[in-house]
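Peer 1:
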Amino acid sequence: MYSRQVFEGRAYTHLSAQNILDSENLITIMGPSKTESLSGYRLGVAFGSAKIIDRMEKLQAIVSLRAAGYSQAALKSWFDEPAGWMTRRIAEHQAIRDDLITKLRAIEGIKVRATEAGSYLFPRLPELDVTIEEFVKVLRAQANVTVTPGTEFGPQFTDSFRINFSQDHQAAVSAMERVIKVMELYRK
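The working numbering puts the last residue of the sequence shown at 738; the count rises by one with no breaks.
1) For a minimum of 4 consecutive residues, which ranges assigned as the alpha helix (DSSP H) are wholly contained in the segment 604-686?
2) Put residue 554 into one of helix, strand or coil per three-state DSSP.
3) Would you please verify whether the beta carbon of residue 553 is less than 7 Å from any beta carbon of chain C?
4) Count the other CB atoms within 10 Å of the CB of residue 655; is the residue buried (16 or more) or exposed (fewer)?
5) Among all the DSSP beta bridges, which residues are the ones paired with residue 580?
6) Starting from residue 712, follow the alpha helix (DSSP H) in both directions and report where the run begins and ends.
7) Given 8 Å as the limit, is there contact between the segment 688-696 and the segment 724-732, that is, 3 or more CB pairs closer than that?
8) How long is the line joining the alpha carbons of residue 505 and residue 712, rounded to whole angstroms?
9) Quick one: what does DSSP say residue 560 is sitting in, helix, strand or coil?
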């Protein structure tokens, strides 16, 4: 989903370019919901073997209606953005990511890896007096910041959370400052 929003000039290599032995079961799903922030349209494109695509078509016909007409119209402009738009979008997202990482790394006990693409960070917190689930609730109530507890991605991530930084730059920095402030209140 983030194959177009890769940071620091990294090359994106698609799995289909690799020597995959069972390529009949390889599927690619692309959509404008992430990089282009068009998640409300619920659109996407799938590439794969005829067998997989046929099965996807049958499954979609059973479980849902087709995308609404206004959503389908959004696809017309998906790869037809103004010249330089994607370059600016990547630079803006990378700047937000970098500022948030700088804030986080300045705090003792926090660890965070710079994501190579996309719009999420997954910081690891120092030991807190509350569980990660309680911390997430406190963040929402006290700091007006919504994050996802790390345990949603595996039971071992009891000291981590995921935050989306695809928003206004200053709003993202302000939200992270509030996260850090609340974290300091609940630090052991």
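All C-beta atoms in this analysis are idealised placements derived from N, C-alpha and C, irrespective of residue type, glycine included.
In this text, all values refer to a predicted model and were calculated from it rather than measured experimentally.
Peer 2: Walking through what the data contain:
1) As far as the segment 604-686 is concerned, its whole alpha helix (DSSP H) runs of at least 4 residues are 619-626 and 635-655.
2) Note: residue 554 maps to coil in three-state DSSP.
3) This model lacks chain C altogether, as it is built from one protein chain only.
4) Flag for residue 655 reads exposed.
5) Looking at the DSSP assignment, residue 580 forms a beta bridge with 595.
6) Not the alpha helix (DSSP H): residue 712 falls in the beta strand (DSSP E), residues 711-714.
7) They touch, by the three-pair rule.
8) Nothing about residue 505 can be reported from this structure: the residues present for the chain run from 551 to 738 only.
9) Three-state result, residue 560: coil.
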